[in-house]
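2 is the number of the first residue of the sequence shown in this note's numbering; add one for each residue after it.
Taking it in order: structure first as structure tokens, then the write-up.
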Amino acid sequence: MSTTLEPPDTQKPGASHAVGRPISRVDGPAKVEGQAQFAAEVPVQGLTYATIVSSTIARGRLASLDVTAAQTAPGVVYVMTHENAPRFQPPALIRTQPRAAGASDLPIMQDASIHWNGEPIAIVLAETQEQADYAASLVRATYEEEPASLVFDDEIANARHPESILGEPPTIEVGGDVEAALRVAAVTVDRTYVTPRHNHCAIELHAATVVWDGDALTVHDATQMLGNTQWTLAQIFGLDERNVRILSPFVGGAFGGKGLWSHQILAIAASRASDRPVRVVLSREGVFRLTGGRTTTEQRVALGARPDGTLTALVHTGHAAMTSHNNCPEQFTFPARHLYAADALRIAQDVVDIDMIANTFMRAPGESIGTFALEAALDELAEKLALDPIELRRRIEPVVDPTSGKPFSSRHLLEAYRRGADAFGWDRRDPKPRSRRDGEWLLGTGVATATYPYYRMPGGSAQIVISADGSAVVRMASHEMGMGTATVQAQFAADHLGLPFERVRFEYGDTNLPAGTPAGGSSQSASIIAAVVATTTALVERLIPLAGPSSPLAGLQPSEVELRDGGIYATTDPGRGERYETILARAEQDEVSAEVPAPGPGEAQQFSMHSYGAQFAEVRVNAVTGEVRVSRFLGSFDVGRILNPKTAASQLRGAIIMGIGLALTEETLLDERSGRIMNPSLAEYHVPVHLDVPHIDVMWRDVPDPIAAGGVHGIGEIGITGVAAAIANAIYNATGKRIYELPITLDKLL
Ligand code: MOS
Numbered sequence: 002m003s004t005t006l007e008p009p010d011t012q013k014p015g016a017s018h019a020v021g022r023p024i025s026r027v028d029g030p031a032k033v034e035g036q037a038q039f040a041a042e043v044p045v046q047g048l049t050y051a052t053i054v055s056s057t058i059a060r061g062r063l064a065s066l067d068v069t070a071a072q073t074a075p076g077v078v079y080v081m082t083h084e085n086a087p088r089f090q091p092p093a094l095i096r097t098q099p100r101a102a103g104a105s106d107l108p109i110m111q112d113a114s115i116h117w118n119g120e121p122i123a124i125v126l127a128e129t130q131e132q133a134d135y136a137a138s139l140v141r142a143t144y145e146e147e148p149a150s151l152v153f154d155d156e157i158a159n160a161r162h163p164e165s166i167l168g169e170p171p172t173i174e175v176g177g178d179v180e181a182a183l184r185v186a187a188v189t190v191d192r193t194y195v196t197p198r199h200n201h202c203a204i205e206l207h208a209a210t211v212v213w214d215g216d217a218l219t220v221h222d223a224t225q226m227l228g229n230t231q232w233t234l235a236q237i238f239g240l241d242e243r244n245v246r247i248l249s250p251f252v253g254g255a256f257g258g259k260g261l262w263s264h265q266i267l268a269i270a271a272s273r274a275s276d277r278p279v280r281v282v283l284s285r286e287g288v289f290r291l292t293g294g295r296t297t298t299e300q301r302v303a304l305g306a307r308p309d310g311t312l313t314a315l316v317h318t319g320h321a322a323m324t325s326h327n328n329c330p331e332q333f334t335f336p337a338r339h340l341y342a343a344d345a346l347r348i349a350q351d352v353v354d355i356d357m358i359a360n361t362f363m364r365a366p367g368e369s370i371g372t373f374a375l376e377a378a379l380d381e382l383a384e385k386l387a388l389d390p391i392e393l394r395r396r397i398e399p400v401v402d403p404t405s406g407k408p409f410s411s412r413h414l415l416e417a418y419r420r421g422a423d424a425f426g427w428d429r430r431d432p433k434p435r436s437r438r439d440g441e442w443l444l445g446t447g448v449a450t451a452t453y454p455y456y457r458m459p460g461g462s463a464q465i466v467i468s469a470d471g472s473a474v475v476r477m478a479s480h481e482m483g484m485g486t487a488t489v490q491a492q493f494a495a496d497h498l499g500l501p502f503e504r505v506r507f508e509y510g511d512t513n514l515p516a517g518t519p520a521g522g523s524s525q526s527a528s529i530i531a532a533v534v535a536t537t538t539a540l541v542e543r544l545i546p547l548a549g550p551s552s553p554l555a556g557l558q559p560s561e562v563e564l565r566d567g568g569i570y571a572t573t574d575p576g577r578g579e580r581y582e583t584i585l586a587r588a589e590q591d592e593v594s595a596e597v598p599a600p601g602p603g604e605a606q607q608f609s610m611h612s613y614g615a616q617f618a619e620v621r622v623n624a625v626t627g628e629v630r631v632s633r634f635l636g637s638f639d640v641g642r643i644l645n646p647k648t649a650a651s652q653l654r655g656a657i658i659m660g661i662g663l664a665l666t667e668e669t670l671l672d673e674r675s676g677r678i679m680n681p682s683l684a685e686y687h688v689p690v691h692l693d694v695p696h697i698d699v700m701w702r703d704v705p706d707p708i709a710a711g712g713v714h715g716i717g718e719i720g721i722t723g724v725a726a727a728i729a730n731a732i733y734n735a736t737g738k739r740i741y742e743l744p745i746t747l748d749k750l751l
């Protein structure tokens with residue numbers, strides 16, 4: 002049940018109203034017909050196929066590396082190791098420079114040192130993938146092992162305080178001595194929560210097809226950061242950036258995992274050295290060994306409350322595992338900074354260095370697991386207070402951002418709770434655990450808050466071309482990873498330009514287009530829209546003079562017109578204006594275009610900007626086996642203006658499904674003796690399958706954020722937040738057992 006949407010009230014009369022319509026994805030037909038070419042499908046003459054050989058120790062040095070058998074195996078074209086690899090720079094770490102993309106800044110295959118179990122030690126190129134795989138199996142390595150830091154619990158003693166958490170201070174203290182407030186609080190909850198590592202499991206494996214032409218490099222990549230990859234590769238290989246082209250028109254899921262890892266860089270180096278184009282497609286095991294995911298955390302949430310539920314103290318602290326060569330500290334403390342009012346707050350997190358593959362962003366990094374701890378603790382507090390958990394949230398709703406003091410740009414969390422509770426039937430709940438039973442199944446329901454920040458990234462620039470036939474093309478090196486970018490951006494641009502949806506096309510996925518921004522942090526929709534709005538203004542400033550003195554537009558200022566009905570019209574005189582075709586025909590021009598960078602994202606400096614939601618879960622827990630089934634789920638969201646209810650519902654549902662995996666099944670198992678990932682396959686790393694997923698209701702209030710670009714918030718990531726807590730809270734309601742460690746597998750319930 003997606004809500005039926007009224008057209009947003011920001012619509013202009015006469016506009017085409019593409020925004021808000023459930024338009025099917027424009028890339029859908031190409032995908033179902035097999036016409037869409039992904040990075041591993043681009044046809045190239047003379048292609049070689051790559052296989053990467055991984056280290057089997059966590060830390061130390063290669064003592065010997067024998068590639069003779071591999072070099073003489075059938076079909077082998079080239080074998081590269083640190084001994085013959087060309088010299089190139091390490092990648093600049095993402096966020097250290099505006100367009101850096103590196104997931105790690107370790108040198109790649111430049112010496113004999115080993116930093117994680119799985120690090121590449123050789124890359125084999127052969128005429129077929131099977132030949133490359135076989136030859137790779139013949140590479141023999143011996144090692145001088147060094148002691149490695151692998152046990153998170155042990156290494157917490159050596160934790161370090163990072164300089165920043167994604168540019169934010171790692172520690173925030175408001176309102177004085179929070180521990181003293183806790184000691185005297187009428188009611189307290191003080192718990193430790195543990196969350197495991199996770200790996201990305203996008204359906205499309207990480208892949209790149211690499212072609213050199215002299216000094217010009219073309220990479221067909223599966224990436225969510227085209228421009229950053231272009232800049233970083235130019236730095237690594239000392240190339241003129243204009244000679245580096247990255248194409249990524251289709252990506253089969255990314256979720257934070259498809260950045261710049263070693264496989265693309267090694268394929269590029271090996272291609273140059275062998276003078277052959279290279280295709281590298283990681284195996285599923287390779288994705289686990291060579292690309293990172295979510296990291297493990299230990300979190301403390303302590304709450305002190307008055308008998309009425311208002312908070313005197315809120316503590317959210319803890320540790321996240323990281324490596325010394327990346328900077329992705331899993332910002333699990335971010336939700337607590339913005340969600341609830343408390344007299345005193347202490348929010349802080351440290352990092353623990355582990356010798357493992359660099360961890361990275363993975364669908365709401367931080368927020369997904371931070372809300373598990375915070376929202377499970379609130380559920381426990383509500384029970385102690387004998388308050389309904391939704392009523393507790395009502396009593397601690399802040400007036401302004403609790404840590405920054407900034408006003409909220411748009412916050413409708415309590416309304417999301419009210420609407421969600423009505424639709425879910427929350428009032429029929431018995432708060433007493435173990436009060437509903439169906440045979441050997443115990444039933445329970447739980448609720449939790451979802452939240453994710455509004456981000457808009459700088460550096461994007463859109464080109465808009467209006468042709469003599471009155472159609473428009475918007476061009477920007479943006480990303481379509483299956484979420485509907487190409488569709489919803491054509492919808493937005495159509496309304497903004499006053500054109501029918503069918504007459505607008507969005508071109509993306511190629512660094513030859515004007516600069517896009519990375520598709521991460523659920524920021525891309527707002528980032529593109531800001532550029533389109535800026536460029537449209539420039540286009541109007543060009544079109545009015547172009548229309549000339551005989552046009553009805555003559556004498557009007559850009560501020561006095563609106564775009565609708567396929568052209569430009571005076572705002573106060575609806576009959577005065579003309580269509581784009583007319584303007585271009587009179588001017589005898591085939592097209593008119595403009596390209597303007599988006600203004601910097603200053604809105605987030607002045608306001609606390611976030612999305613919110615209320616997640617409702619019903620579970621059935623088998624009293625005999627401990628098996629958990631999610632039997633119903635509803636997410637009620639406050640995510641700004643919805644561009645397309647069909648793609649939005651799909652985004653929100655998809656992330657909720659990832660949340661079910663987070664709650665119940667997903668866990669990357671690291672052998673603490675060797676640092677080797679023990680379950681690098683979909684057979685052993687359990688993502689939810691269809692039978693694990695009930696029908697998921699999603700609903701939203703379509704309220705544009707007046708401060709956000711286009712009124713829009715990103716909606717990719719919020720769906721996963723709060724899900725694990727809602728499920729854990731439902732499991733408590735069903736069984737009377739609170740589980741503080743994810744995933745909640747049946748052994749923990751027996
Ligand atoms: Mo975002 S971590 O790219 O889902």
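Where is the CB? At the ideal position from N, CA and C, for every residue including glycine.
Predicted model only: the values in this text are computed from it and were never measured.
Contact annotation, D178 with A345: C-beta distance approximately 7 Å; criterion of less than 8 Å satisfied. Checking the DSSP bridge columns, you'll see F617 partnered with V448 and L635. Of the candidates F634, P501, I269 and W262, I269 places its Cα closest to the Cα of M81. By a beta-carbon distance limit of 8 Å, E582 does not contact A731. Their separation comes to about 58 Å. In the structure shown, A337 adopts helical secondary structure according to DSSP, grouped into three states.
In the structure shown, R301 adopts extended strand secondary structure according to DSSP, grouped into three states. H691 is classed as exposed because its beta carbon has fewer than 16 other beta carbons within 10 Å across all chains shown.
Burial check for K259: the Cβ neighbour count within 10 Å reaches 16 or more, so the residue is buried. By the Cβ test, the stretch 99-119 is not in contact with the stretch 162-182, since fewer than three Cβ pairs between them sit closer than 8 Å. In this structure, I247 lies near L227, with their beta-carbon atoms less than 8 Å apart.
Positions of the alpha helix (DSSP H) runs, each at least 4 residues long and wholly inside the stretch 6-85, are given as 29-33 and 69-72 in order along the chain. H339 sits buried, since 16 or more C-beta atoms from the chains shown fall within 10 Å of its C-beta. For L107, there is no enclosing alpha helix (DSSP H), as DSSP marks it with neither H nor E. With 16 or more other CB atoms across the displayed protein chains lying within 10 angstroms of its CB, V78 is buried.
The residues F153, T296, T297, V353 and I355, in chain order, have a CB closer than 6 Å to that of A322 in the same chain once the five nearest residues on each side in sequence are set aside. A distance filter of 7 Å between CB atoms and the heavy atoms of ligand 1 selects the following residues in sequence order: Q225, A255, F256, G257, F362, M363, R364, A365, P366, A520, G521, G522, S523, G717 and E718. A direct Cα-Cα distance of roughly 11 Å separates D439 from A735. Within the same chain, I115, Y144, E145, E146 and E147 come within 6 Å of G61 by CB-CB distance, once the 5 residues on both sides are set aside.
In this model, I728 and A664 are separated by some 7 Å (Cα to Cα).
C-alpha of L94 to C-alpha of R642: approximately 34 Å in a straight line. Two segments are said to touch when three or more pairs of C-beta atoms, one from each, lie closer than 8 Å; by this definition the stretch 700-711 does not touch the stretch 503-511.
For A187, the number of other beta carbons within 10 angstroms of its own is below 16, and it is reported as exposed.
G636 sits away from Q652, with the two beta carbons spaced by 8 Å or more. The beta-carbon separation of T537 and I465, rounded to 6 Å, stays under the 8 Å limit for a contact. For G119, the three-state secondary structure derived from DSSP is coil.
As DSSP reads the structure, V125 sits in a beta bridge with T52 and V80. In this structure, L379 places its C-beta atom within 8 Å of the C-beta atom of L393. Distance check between S524 and each of G176, A51, P308 and E718 places E718 closest, using alpha-carbon atoms only. Pairing A527 with T193, the inter-Cα distance amounts to about 36 Å. Shown here, E582 sits in a helix according to DSSP, grouped into three states. Judged by DSSP secondary structure, P390 falls within the alpha helix (DSSP H) whose first and last residues are P390 to R396. The stretch 198-253 is shown to contain whole beta strand (DSSP E) runs of 3 or more residues at 208-214, 217-222 and 245-248, in chain order.
Scanning its chain for C-beta atoms nearer than 6 Å, with the 5 sequence neighbours on each side dropped, one finds around G662 the residues V688 and P689, in chain order. The shortest C-alpha to C-alpha distance from A70 to any of A19, Q132 and H83 is the one to Q132.
Excluding five sequence positions before and after I697, the CB atoms of its chain that fall closer than 6 Å to its own CB belong to F634, R654 and I657, given in chain order.
P598 sits in a strand when the DSSP states are folded into three classes.
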